[in-house]
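Notes for the one structure printed next.
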Amino acid sequence: MPVVTPLCLAARSKLGYLVRGMSTTSAAATKLIRFLDAYGNERIGQAPAPGTYQSQLITGKDVFGSKALTSQFAEVRRVLAPFVPTQIIGIGLNYRNHAKETNMPIPNYPVVFYKNINSVADPETSIVLPRREGSHVDYECELAVVLKAPCKDVSVQDALKFVAGYTCANDVSARRWQGNAMGGGQWCRAKSFDTFCPLGPVLVTPEGIPDPQNLTIETILNDVVVQRSNTKDMVFSVAELISQLSQDTTLPAGTVILTGTPEGVGFTRKPPLYLKPGDKVEIRIQHIGSLLNYVIGASSL
0 MPVVTPLCLA ARSKLGYLVR GMSTTSAAAT KLIRFLDAYG NERIGQAPAP
50 GTYQSQLITG KDVFGSKALT SQFAEVRRVL APFVPTQIIG IGLNYRNHAK
100 ETNMPIPNYP VVFYKNINSV ADPETSIVLP RREGSHVDYE CELAVVLKAP
150 CKDVSVQDAL KFVAGYTCAN DVSARRWQGN AMGGGQWCRA KSFDTFCPLG
200 PVLVTPEGIP DPQNLTIETI LNDVVVQRSN TKDMVFSVAE LISQLSQDTT
250 LPAGTVILTG TPEGVGFTRK PPLYLKPGDK VEIRIQHIGS LLNYVIGASS
300 L
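Numbering (numbering that gives the first Met the number 0), first residue to last: 0 to 300.
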């Protein structure tokens, strides 16, 4: 299978690049995308309406600053992950039914691991199976939370004040490298290969998701739903995770927290269901949208 290139709208839109002045409006963006325009410039703006390819730009240089809308528009040529993380923190066994399917007890404290920030992949790009032990690679739909400001020792009550927004994530995992002899008892290596953290395509601000604990979340593999749950099944809420992770620890702006995956992962199935070259994997979260990626082998690069 050929390498899948990033989302490109040039062939579908001839609208070009529009500038309508630099004045601001009273409105603020609630669904943000980071993208390349017709000239290859990186931009941040409101996600275009369905069937259109013009993004209304914001005044801020990234998703952590001002989200006030300007009167300037740009054509979306390639959608990127909505932000560049400063760190990626993963949470394991954070859905009750997922803990049950793995025959693991529900944790009393969050199960924490880190992913390499270089594992981030843009929407509609390829997930690359590793050359070594790449036959047991799994999908994991996750709600990703990104922080807009540094925080430390935050209370549960104040935790959501530090949230810049929410997006879709796929916590791709090479099971042969996870927890067993090859993993040395830890999870980081299994989840940190290049392309193992697709993010996007939009970042929805807290105004668009006032309650992150009531969102339908799904994985669709080759047009078949393989995971479907609701974030209300989380063991630790988003606010509880931020609070616990920040105790005696500074979480910088740009910290991404992957809040766990629900039941239906591939390795618990009989027979197991793993990603293979040619697969299409989609993460859908209510009020956010759909994150689509394709799977290739390293030999295709």
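Note that beta-carbon positions come from the ideal geometry of N, C-alpha and C, so glycine has one too.
Checklist entry - When we look at the beta-carbon of residue 65 and count the other beta-carbons within 10 Å, is it buried (16 or more) or exposed? => result exposed
Checklist entry - Closest by CA to residue 175, which one among 185, 230, 223, 282? => result 185
Item to check | Integer-rounded CB distance, given that residue 265 should sit under 8 Å from residue 257 | outcome: Going by Cβ atoms, the distance from residue 257 to residue 265 rounds to 17 Å, so no, they are not a contact pair.
Next on the checklist: Taking contact to mean 3 or more Cβ pairs, one atom from each stretch, closer than 8 Å, check whether the stretch 30–44 and the stretch 58–74 are in contact.
Outcome noted: yes
Item to check | Reduced DSSP category for residue 131 - H, G, I as helix; E, B as strand; rest coil | outcome: coil
Checklist entry - Contact between the stretch 155–166 and the stretch 182–197: three or more CB pairs below 8 Å? => result no
Checklist entry - By how many angstroms is the C-alpha of residue 239 removed from the C-alpha of residue 211? => result 12 Å
Item to check | Three-state secondary structure assigned by DSSP to residue 288 | outcome: strand
Item to check | Contact set for residue 27: own chain, Cβ-Cβ below 7 Å, skip 5 residues either direction | outcome: 66, 67, 68
Checklist entry - Ordered along the chain, which non-local residues of its own chain (more than five positions away) have a Cβ less than 8 Å from that of residue 243? => result 108, 109, 235
Item to check | Simplified DSSP state of residue 65, which is helix, strand or coil | outcome: coil
Checklist entry - Since residue 54 contacts residue 83 with CB under 8 Å, what's their CB separation in whole angstroms? => result Rounded, the Cβ-Cβ distance is 18 Å, inconsistent with contact.
Checklist entry - Where residue 102 and residue 188 are concerned, what is the direct C-alpha to C-alpha distance, given to the nearest angstrom? => result 22 Å
Checklist entry - Which first and last residues belong to the beta strand (DSSP E) in which residue 303 is found? => result The first residue shown for the chain is 0 and the last is 300, placing residue 303 beyond what the model contains.
Next on the checklist: Using a 10 Å radius around the Cβ and a threshold of 16 neighbouring Cβ atoms, would you call residue 105 buried or exposed?
Outcome noted: exposed
Next on the checklist: Using a Cβ distance threshold of 8 Å, determine whether the stretch 157–174 contacts the stretch 126–134, with at least three qualifying pairs required.
Outcome noted: yes
Checklist entry - Out of 229, 177, 32, 99, which has the shortest C-alpha to C-alpha gap to residue 268? => result 99
Item to check | Alpha-carbon spacing of residue 270 relative to residue 117, whole angstroms | outcome: 32 Å
Checklist entry - DSSP three-state call for residue 213: helix, strand or coil? => result coil
Checklist entry - First and last residue of the beta strand (DSSP E) that includes residue 30? => result 30–35
Checklist entry - What distance in whole Å lies between the Cβ atoms of residue 200 and residue 32, which are believed to be in contact at a cut-off of 8 Å? => result 6 Å
Checklist entry - Quick one: Cα of residue 301 to Cα of residue 120, how far? => result Because the chain in this structure spans residues 0 to 300, residue 301 falls outside the shown range and cannot be described.
Checklist entry - Which residue's Cα is closest to the Cα of residue 162: 241, 178, 280? => result 241
Item to check | Contact under 9 Å by Cβ, residue 281 with residue 274 | outcome: no
Item to check | Rounded separation between residue 226 and residue 203 - CA only | outcome: 22 Å
Checklist entry - Do you know whose CA, among 148, 237, 143, 179, lies nearest residue 81's CA? => result 143
Next on the checklist: So residue 90 and residue 62 are supposed to be a Cβ contact under 8 Å. How far apart are they, rounded?
Outcome noted: Not really, about 22 Å apart at Cβ, beyond 8 Å.
Next on the checklist: So residue 292 and residue 169 are supposed to be a Cβ contact under 8 Å. How far apart are they, rounded?
Outcome noted: 7 Å
Item to check | Inter-residue Cα distance where the pair is residue 298 and residue 209 | outcome: 44 Å
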